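A.B. asks: Sharing a structure with you now.
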Amino acid sequence: MMWWMRRRSRTICLSLAFITIFLHLFLALVSLSTYHQPCDHSLPPKTTFVRDLARTNHTAVGIRDVAEPPAGNAKKDPEGHPSVWPPLDAKRAESLESDLSKLEALFDHPLYNVPSPPVPEDDWLLKVKPKIEASEMSSQIWSDGYEDIQWNRSTDSHPPWLRFHLGISRWQLYPHHDPNMEALTQQLAMHRIVSAVQKSGGTQLKLVMSFPNYGRAMVKPMRQERDDETNYNLYYFSDFERHNAEIAAFHLDRILGYRRVPPVVGRLVDVVKEIKDVTTDRKLARTFFNSPVGNVCFYGQCSYYCSTEHAVCGRPRNLEASLAVMLPDLSLATRRSWRSPWRRSYSRSKLAKWETEADYCSTVKKTSPYNKGTRLVDFMDMVILDFLMSNMDRHHYETFEKFNNNTFLLHLDNGRSFGRHSKDEPSILAPLEQCCRIRLSTWLRLQLLSSPQYRLSDVMRASLSHDPLHRVAPLLSEPHLTALDRRLKTVLETVSRCQKHQSKDGGGDEVIFDDLARLKDIFTPAG
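Counting in full-length UniProt numbering, the sequence shown runs from 1 upward without gaps.
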């Protein structure tokens, strides 16, 4: 009897074991069928917005329009994925609306709308030829992918990049209220790319992209996350260039009222379709490869960071980049490169003269072209821009040769800006501290931007929200925006110290260069 009971118990246990195994197998098969459904490549949490952005059929976004998420009932893309962006919470949306109001009020302020006389004919950089000979037309080499030229003397027939070139004058790259700006930024952000080659020269990888209407853009790809701070152990000349720094520099230059940085727009570029498949640069083409996780990468050829260890990679094909409109070709408008008097030594052990000579500025003031005209205060404008965005890499600057020494300075190559928000670099401000000279219009605008009504961080946040890449993530983090306000306060305090110091010596008025004096008659009522 006991033997029979033990056998029956063993049978029951075996039956239960078989049932358990069967249930586990059944659940495993169900789960396996679910996991075999098509899915995307795994992406880090920070890059999911990039993937979503690549799938969205965007409407054109100009400099005037905020890069807002589409409506909740947005259409689906060809792959069937909903094109819906995470909406801003009420508090952030209200804050952004307030910032946009501040930006609009700032650009409507009289300091940004100072009347100026008509531009003399000789003060335009380029002119349209009165008549184009047939021989000149026939010499044009037509390429696949480009549009047939239908231009004439009417500006309405010109593409946006050409209108930008023809609008460059002796004193600025573009006017304050430029009707062409929206079309130009749309071209950079949306137009089809027909060619991509590596730009020669420079220390890091840069590309030149061409559009069907013969426009071209300088492209700097994303090399690191936007929130990454520069390593404290790196020298300034070893830092990566940042795509978002180029974009932010354009907006900051515009907010300061300079208009000396060529328009820059952020764009998501398809590494395969818009670079690899359209490049005619064999050296660049040979550097493409797929990373171990399936991302398409390339590294080009340059002095620094052009290797497989420092490759530029899409996610898996989409790459953030800054696109800056190209200036007129050097054959049409030559530029002169000037060595900065306050250039750094670019040495780990040596100091530059300005770092060791207390009276260094006195020597500069006696040297051409800083001894006359507006060159010195133009340089101070650039110094203030560089200090606000912490750019230590201003070793040279350029001007258009046509205008000789009587013209503005081009604020080019700002990729090493906005590297650190937690530390300010006071040495950038050395020219202002040593020379104690600033133009009146700049001084007044800086004071304006320090007031709560036009706070620099707020209007900068609003301006950057117009860029298409704002849809992915803010182009500058909040700590960087906070640093702008802090550094602006330092600039104002520096000028105030200069005024106090000069007033003791009986020369306080020499700190401020009155560039608005010529307009006093305009503001003075008749009679």
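Note that beta-carbon positions come from the ideal geometry of N, C-alpha and C, so glycine has one too.
As the structure is a prediction and not an experimental result, all values here were calculated from the model.
Across the region 265-280 and the region 452-468, are there enough close Cβ pairs to call them in contact, namely three or more that are closer than 8 Å?
C.D. replies: Yes, the region 265-280 touches the region 452-468.
A.B. asks: Looking only at its chain, what residues have a beta carbon closer than 6 Å to the beta carbon of P160, apart from the 5 residues adjacent to it on each side?
C.D. replies: Translated into positions along the sequence shown, residue 160 becomes position 160. Counting only Cβ-Cβ distances below 6 Å, and skipping sequence neighbours, we find N180, A183, L184, Q187.
A.B. asks: In this structure, how does DSSP classify Q324 when only helix, strand and coil are distinguished?
C.D. replies: Along the sequence shown, read from residue 1 onward, the residue named residue 324 stands at position 324. Before going on, a small fix: residue 324 reads as Ala here, not Gln. A324 falls in the strand class under three-state DSSP.
A.B. asks: Assuming R335 and E398 are in contact, meaning their beta carbons sit under 8 Å apart, how far apart are those beta carbons, in whole angstroms?
C.D. replies: By one-based count along the sequence shown, residue 335 stands at place 335. By one-based count along the sequence shown, residue 398 stands at place 398. Right, the Cβ-Cβ distance comes to about 5 Å (below 8 Å), so this counts as a contact.
A.B. asks: Taking the alpha helix (DSSP H) that A196 belongs to, which residues open and close that run?
C.D. replies: For the purposes of this step, residue 196 is taken as the residue at position 196 of the sequence shown. No alpha helix (DSSP H) contains A196, which is instead part of the beta strand (DSSP E) from 195-198.
A.B. asks: Would DSSP call L449 helix, strand or coil?
C.D. replies: On the sequence shown, position 449 is the one that residue 449 refers to. Of the three classes helix, strand and coil, the one that applies to L449 here is helix, per DSSP.
A.B. asks: I'd like to confirm something about R267: is its beta-carbon nearer than 7 Å to some heavy atom of the ligand FMN, or not?
C.D. replies: This structure does not include the ligand FMN; it has no bound ligands of any sort.
A.B. asks: Straight-line CA distance for residue 531 to F250?
C.D. replies: Because the chain spans 1 through 527 in this model, residue 531 falls outside it and cannot be assessed.
A.B. asks: Give a yes or no on whether the C-beta atoms belonging to K276 and A333 are separated by under 8 Å.
C.D. replies: If you number the sequence shown from 1, residue 276 lands on position 276. If you number the sequence shown from 1, residue 333 lands on position 333. It is not a contact, given that the beta carbons lie outside the stated cut-off.
A.B. asks: So what does DSSP say about W338, is it helix, strand or coil?
C.D. replies: The residue labelled residue 338 in the question sits at position 338 within the sequence shown. If DSSP states are grouped into helix, strand and coil, W338 belongs with the strands.
A.B. asks: Where does Y397 fall in DSSP's three states?
C.D. replies: Translated into the one-based positions of the sequence shown, residue 397 becomes position 397. DSSP places Y397 in strand when its eight states are reduced to three.
A.B. asks: Which of the three DSSP states, helix, strand or coil, is assigned to V219?
C.D. replies: Position 219 of the sequence shown holds residue 219. V219: strand per DSSP, three-state reduction.
A.B. asks: Kindly confirm or deny that the region 204-212 and the region 300-311 touch, where touching means at least three C-beta pairs closer than 8 Å.
C.D. replies: Yes, the region 204-212 is in contact with the region 300-311.
A.B. asks: Please name the residue in S496, S457, L449 whose C-alpha comes closest to that of L111.
C.D. replies: In the sequence shown, the residue the question calls residue 111 occupies position 111. Out of S496, S457, L449, L449 has the C-alpha closest to the C-alpha of L111.
A.B. asks: Are P479 and S422 touching if we call contact CB-CB under 8 Å?
C.D. replies: Locating residue 479 in the sequence shown gives position 479, counting from the first residue. Locating residue 422 in the sequence shown gives position 422, counting from the first residue. For P479 and S422, yes; Cβs fall inside 8 Å.
A.B. asks: Can you tell me the Cβ-Cβ gap for R439 and D515, rounded? I've got them flagged as a contact below 8 Å.
C.D. replies: What you label residue 439 is simply residue 439 of the sequence shown in a count that begins at 1. What you label residue 515 is simply residue 515 of the sequence shown in a count that begins at 1. Yes, they are in contact, since the Cβ atoms of R439 and D515 sit about 5 Å apart, within 8 Å.
A.B. asks: What separation, rounded to the nearest whole angstrom, lies between the Cα atoms of H36 and S154?
C.D. replies: Here residue 36 refers to the residue found at position 36 when the sequence shown is read from its first residue. Here residue 154 refers to the residue found at position 154 when the sequence shown is read from its first residue. Low confidence applies here, because H36 scores a pLDDT of 40, under 50, leaving its location unreliable; read the following figure in that light. Rounded to the nearest angstrom, the two C-alpha atoms are 60 Å apart.
A.B. asks: Using the rule of at least 16 other Cβ atoms within 10 Å of the residue's Cβ for burial, across every protein chain shown, is V293 buried or exposed?
C.D. replies: The residue you call residue 293 lines up with position 293 of the sequence shown. With fewer than 16 Cβ atoms within 10 Å of its Cβ, V293 is classed as exposed.
A.B. asks: Between the Cα of S195 and those of N113, D281, D228, spot the shortest distance and give me the residue it belongs to.
C.D. replies: Here residue 195 is taken as the residue at index 195 of the sequence shown, counted from 1. Closest by alpha carbon: D281.
A.B. asks: How long is the line joining the alpha carbons of S503 and K489, rounded to whole angstroms?
C.D. replies: For the purposes of this step, residue 503 is taken as residue 503 along the sequence shown, with counting starting at 1. For the purposes of this step, residue 489 is taken as residue 489 along the sequence shown, with counting starting at 1. Roughly 21 Å separates the two Cα atoms.
A.B. asks: Taking the beta carbon of K372 as the centre, do at least 16 other beta carbons fall within 10 Å, making it buried, or is it exposed?
C.D. replies: Within the sequence shown, numbered from 1, the residue matching residue 372 stands at position 372. Classification of K372: exposed, given that the 10 Å Cβ count is below 16.
A.B. asks: Considering only the alpha carbon of each residue, which of L429, D393, D227, I428 lies closest to L412?
C.D. replies: Reading the sequence shown from its first residue, position 412 is the one you call residue 412. Ranking the options by Cα distance to L412, first place goes to D393.
A.B. asks: Look at K102 and D458 and say whether their C-beta atoms are less than 8 Å apart.
C.D. replies: Within the sequence shown, numbered from 1, the residue matching residue 102 stands at position 102. Within the sequence shown, numbered from 1, the residue matching residue 458 stands at position 458. Taking 8 Å as the Cβ cut-off, K102 and D458 qualify as a contacting pair.
A.B. asks: Secondary structure at R267, three-state DSSP: helix, strand or coil?
C.D. replies: Locating residue 267 in the sequence shown gives position 267, where the first residue counts as 1. Of the three classes helix, strand and coil, the one that applies to R267 here is strand, per DSSP.
A.B. asks: For P38, which residues from the same chain have a beta carbon less than 8 Å from its beta carbon, with the 5 sequence-adjacent residues on both sides left out?
C.D. replies: What you label residue 38 is simply residue 38 of the sequence shown in a count that begins at 1. Its pLDDT being 38, under 50, P38 is placed unreliably by the model, and the measurement read from it follows with that caveat. Excluding positions up to five away in sequence, the list is empty.
A.B. asks: Would you list the residues sitting across from C498 in a DSSP beta bridge?
C.D. replies: Walking along the sequence shown from the start, residue 498 turns up at place 498. The partner list for C498 (beta bridge, DSSP) is empty, contrary to what the question assumes.
A.B. asks: Could you check the C-alpha separation between I512 and L351 for me, to the nearest Å?
C.D. replies: The residue labelled residue 512 in the question sits at position 512 within the sequence shown. The residue labelled residue 351 in the question sits at position 351 within the sequence shown. For I512 and L351, the distance between alpha carbons rounds to 30 Å.
A.B. asks: So, for P316: in the same chain, excluding its five sequence neighbours on each side, which residues have a beta-carbon less than 7 Å away from its beta-carbon?
C.D. replies: Reading the sequence shown from its first residue, position 316 is the one you call residue 316. For P316, where only same-chain residues beyond five positions count, the Cβ hits under 7 Å are H41, G294, N295, V296.
A.B. asks: Can you list, in chain order, the residues of its chain whose CB lies under 7 Å from that of A517, leaving out five sequence neighbours each side?
C.D. replies: Mapped onto the sequence shown, residue 517 falls at position 517. Same-chain partners within the cutoff: there are none.
A.B. asks: Given a cut-off of 8 Å, decide if N405 and R375 are closer than it, judged by their beta-carbon atoms.
C.D. replies: Start at 1 with the first residue of the sequence shown, and residue 375 comes out as number 375. Start at 1 with the first residue of the sequence shown, and residue 405 comes out as number 405. Against a cut-off of 8 Å, the Cβ pair of N405 and R375 comes out as a contact.
A.B. asks: Can you grab the Cα-Cα spacing for the pair E510 / H243, in whole Å?
C.D. replies: By 1-based counting over the sequence shown, the position of residue 510 is 510. By 1-based counting over the sequence shown, the position of residue 243 is 243. Near 39 Å, if we compare the C-alpha coordinates of H243 and E510.
A.B. asks: Sorted by chain position, which residues of the same chain lie with C-beta nearer than 6 Å to T34's C-beta, five sequence neighbours on each side aside?
C.D. replies: As a working mapping, residue 34 is identified with position 34 in the sequence shown. At T34 the pLDDT is 41, less than 50, meaning the model places this residue with poor confidence and gives no usable figure here.
A.B. asks: I need the DSSP call for Y35, collapsed to helix, strand or coil.
C.D. replies: As a first step, residue 35 must be located in the sequence shown, where it is residue number 35. For Y35, the pLDDT reaches just 40, beneath the cut-off of 50, and the residue's location in the model is therefore unreliable, although a value from the coordinates is still provided. Residue state, collapsed to three classes: helix.
A.B. asks: Could you please give the first and the last residue of the uninterrupted alpha helix (DSSP H) stretch that includes S463?
C.D. replies: Residue 463 sits at position 463 when you count from the first residue of the sequence shown. Segment 456-464, the alpha helix (DSSP H) holding S463.
A.B. asks: For V364, which residues of its own chain have a beta-carbon under 6 Å away from its beta-carbon, when the five flanking residues on both sides are left out?
C.D. replies: The count along the sequence shown starts at 1 and reaches residue 364 at position 364. P341, Y370.
A.B. asks: Give me, in chain order, the residues of the same chain whose beta-carbon lies closer than 8 Å to that of L476; leave out the 5 immediate sequence neighbours on both sides.
C.D. replies: Taking the first residue of the sequence shown as 1, we reach residue 476 at position 476. Counting only Cβ-Cβ distances below 8 Å, and skipping sequence neighbours, we find R226, N244, A248, F418, M460, R461, L464.
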